[in-house]
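Just so you know, we're using our numbering here: the sequence shown kicks off at 3 and counts up by one.
Ideal Cβ placement from N, Cα and C applies to all residues, glycine included.
Following: one structure in structure tokens, then a few remarks.
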Amino acid sequence: IRSFFKYLHREGTVKKNPAKLVSSPRVQKALPRFLTVDEAFALMESPKGDTFQAARDKAILELLYSSGLRVSELSTLDINDFDIKDYLVRVKGKGKKERIIPVGEKAVEAIKTYLPERVLLKKKSQALFLNNRGGRLTQRSVRRIVEKYSRMIALAGHLSPHALRHTFATHLLHGGADLRSIQELLGHSSLSTTQKYTHVDIVHLMEVYDKAHPMAKTDED
């Protein structure tokens with residue numbers, strides 16, 4: 003409507019633009035997608051076999067879910083960024099800001115399984131995750147890996163690496179983690195960016211309430 007009246011005013015059809023003070027409707031942002039715990043576990047177990055690809059892909063999935071890395075952060079990881087002994091990883095985030103975050107036991111186990119397979123490629127690259135030719139795995143390749151295994155376990159809709167980051171944060175919140183800690187783990191510069199997960203948590207709490215509280219049931223139930 004505003005564009006239409008702006009055009010009429012510019013053409014001289016109307017003397018005043020009555021829609022000038024009309025504000026644009028606020029578009030509600032979609033809540034970030036995340037997996038249930040069962041879906042996340044199924045995805046982690048989907049790479050099968052003793053091949054280089056299976057070991058690498060499992061390590062990637064486990065690390066994305068365990069530490070909530072951005073796909074750009076994961077693809078730029080080098081071997082020396084990992085402290086397997088202390089279960090830590092050094093991440094180069096946005097604005098070249100570094101942070102050190104913990105890595106879960108399952109992810110560490112997956113990386114320990116992957117590293118001997120990686121050595122067999124006999125490449126001098128310092129990149130942690132390599133493609134079949136021995137080069138650094140690209141962000142696009144990581145996205146394809148996530149999509150591949152999400153289709154394998156028949157997850158509905160498109161699943162991106164960022165959805166695993168959302169899953170990481172949401173599961174932490176469900177488990178009682180505070181927003182400040184989640185902010186630090188995700189590498190958010192502002193707490194307001196992290197606060198979107200509180201909306202997800204409210205949706206989760208409402209679902210739990212509807213299922214569990216006797217007074218939440220309708221007569222039709």
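What does DSSP give as the partner residues of residue i in its beta bridges?
i	result
residue 245	Nothing can be reported for residue 245, as the shown portion of the chain is limited to 3 through 223.
residue 129	80
residue 52	Partner(s): none; residue 52 has no beta bridge.
residue 85	90
How long is the line joining the alpha carbons of residue i and residue j, rounded to whole angstroms?
i	j	result
residue 141	residue 164	11 Å
residue 114	residue 57	9 Å
residue 106	residue 64	8 Å
residue 43	residue 109	12 Å
residue 137	residue 76	14 Å
residue 41	residue 156	10 Å
residue 83	residue 129	10 Å
residue 213	residue 171	23 Å
residue 118	residue 169	29 Å
residue 181	residue 116	33 Å
residue 186	residue 150	30 Å
residue 132	residue 124	11 Å
Which residue from the options puts its Cα closest to that of residue i?
i	options	result
residue 39	130, 166, 151	166
residue 87	77, 100, 104	104
residue 111	68, 44, 171	68
residue 71	127, 92, 182	92
residue 59	182, 179, 139	139
residue 148	135, 98, 162	162
residue 74	54, 116, 98	98
residue 190	94, 126, 173, 127	94
Does residue i pass the burial test, meaning 16 or more other C-beta atoms within 10 Å, or should it be called exposed?
i	result
residue 30	Confidence in residue 30 is poor, its pLDDT being 49 and thus under 50, which makes the residue's placement unreliable; the coordinate value appears in the next sentence. It counts as exposed.
residue 85	exposed
residue 146	exposed
residue 160	exposed
residue 100	exposed
residue 46	buried
residue 152	buried
residue 144	buried
residue 55	exposed
residue 122	exposed
Ignoring anything shorter than 4 residues or poking outside the segment 131 to 180, list the alpha helix (DSSP H) runs there in chain order. 141 to 154, 163 to 176
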